[in-house]
Structures are given as C-alpha cells and as structure tokens.
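For the sequence shown, counting from 1, position 120 maps to 120 in UniProt numbering; every step adds exactly one.
Even glycine gets a Cβ: it sits at the ideal position worked out from N, Cα and C.
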Amino acid sequence: MYLPRFLPGKAACGLCMLWVSLSASAVTQIPQPLTINAALNWASEYNPTLRSARLRIQRLGGEAIHADVPVPSNPRLELEAGQRDQPNGSSTDIGIQLSQEFWIAGQGGLREDAATSRLGAARADYDFLAATTTARVRAAFLSVLVAEQAVNTAERVVDTNEQLETYAKKRLNAGAGTRIESNAARLGLQRARAFAAAARDAATNST
C-alpha cells in the first residue's frame, strides 16, 4: 500500500504530529513515496520515545552484565611509608594493605536478580511502546489515505456533474430540454462542489 506522489506531504504532516520533538534534519528523512512499511520503519527509527526506551535497555543491559560478578568491587591496594629514628640512624617502614569487599548473605544474587528484573521490565515497556506506535502510525496513514480517496471521488463527481450541466444547457438552448432539467443539473453541480470542498477540508484536518 502506498500514497500517491502528491500525498506524502499530507501523510508526513499527519505522522509528524506524533513526534513533534524530532529535529528538522530527522523530519527531512521521511521516505518518498511514503508506503505503510516505510512509515512504520521511519517511526521505529526516529520516534524519540522508542529511541529513549532502546537506550534504557542498553543501559540496564550493561548494569545486568556487571551485576553478575563474584565481588562488588575491585581489590583495593593501600601503601603507607614512614621514617623511624634508631640509635644508629633512621629507617623507613613500608606498609602494604590489600583489601577486598565481598558479598554477604546472598547480596550478589539479590543484586543480579534486581538488575535482571529491571532489564526485563524495560524490554516489556519497549514492546508496549513499539506496538502502540505501530498502531498509531497505521491509523494516521490509513486516515490520510481514506481522506485522499474521498477527495478523488468527490472531484470525479464534480467532473461528471459539470458535463451533465453543460449537456442540459445545450439541450435547453436547442429547445430539446426544459428549464427544470437545466436547474436540476445546476443544483447537482453545486451539491457536488460542496461535497468536494467538504472532502478537501476533511483531508486537511486528517493531517
């Protein structure tokens, strides 16, 4: 499914309403002609909410990896030195201290479980946001498409009624038609034009 060449501008406006915070450079990357698949791919790539959700998954994924360690931190090495006076001179005392923090009472497992849980929740949130975005893009795309088809139909009706009015005038001028017939054709044309104007307004509002 794709939109006609003259329609992408309207479709782009309709889709951009969902992501008004996008930069101008991102908006210009909307593919043309805009198909439903292209619109969905573009939304998945540039929707700021989805991008933020993906970054959150990456961050929590890193935390989950680092949570699966046997100790909470790296070993700590401390070096101390001092002078000591002695009867036959002075000497230097050097002290080296190595310390290591350890998990106690299952803290490591709890920390890993918590990190894994946060990562799972972030992935679930992303899946929900992606599904919601897909539904909104499809609705916006189809709304614009239906509105454009309505405009095309209305314009064809106007063309037909213009031909009927011209034909009715010729019949009236030739003495073969009646004024009632001519007035009916003129009224039909007015109604067709009003219908076309309403369809164009609806198409504009759908964007």
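Residue i classed as buried or exposed, judged by whether at least 16 other C-beta atoms fall within 10 angstroms
i, result
"E45", "exposed"
"V137", "buried"
"T28", "At T28, the pLDDT of 47 sits below 50, so the modelled position is not reliable; the number obtained from the coordinates is stated separately. T28 comes out exposed."
"A185", "buried"
"N173", "exposed"
"N37", "exposed"
"S23", "At S23, the pLDDT of 44 sits below 50, so the modelled position is not reliable; the number obtained from the coordinates is stated separately. Exposed, because fewer than 16 other Cβ atoms sit within 10 Å of the Cβ of S23."
"N205", "exposed"
"N183", "exposed"
"E165", "buried"
"V144", "buried"
"V146", "exposed"
"S21", "The pLDDT assigned to S21 is 41, lower than 50, so where the model puts this residue is not dependable; a value taken from the coordinates is nonetheless given after this. It is exposed - the Cβ of S21 has fewer than 16 other Cβ atoms within 10 Å."
"E80", "exposed"
"E78", "exposed"
"A168", "buried"
"L187", "exposed"
"Q190", "exposed"
"R5", "In this prediction, R5 has a pLDDT of 40, which is less than 50 and means its spatial position is unreliable; nothing more can be read from the coordinates."
"N41", "exposed"
"I96", "exposed"
Range covered by the alpha helix (DSSP H) that runs through residue i
i, result
"Q190", "R179 to S206"
"L34", "Element bounds for L34: n/a, residue is neither H nor E."
Per DSSP, the bridge partner or partners of residue i
i, result
"E78", "Q97"
Contact belief for residue i with residue j at Cβ below 8 Å, rounded distance in angstroms
i, j, result
"L119", "L55", "That belief does not hold up - the Cβ atoms of L119 and L55 are roughly 13 Å apart, past 8 Å."
"T116", "A64", "5 Å"
"F141", "A203", "Wrong, their Cβ atoms sit about 13 Å apart, outside the cutoff."
"A53", "Y126", "4 Å"
"I57", "R123", "6 Å"
"A192", "N161", "4 Å"
"L50", "A130", "6 Å"
request  = Count the CB pairs spanning the segment 146-160 and the segment 183-200 that are closer than 8 Å, and state whether there are at least three.
outcome  = Result yes; three or more Cβ-Cβ pairs closer than 8 Å.
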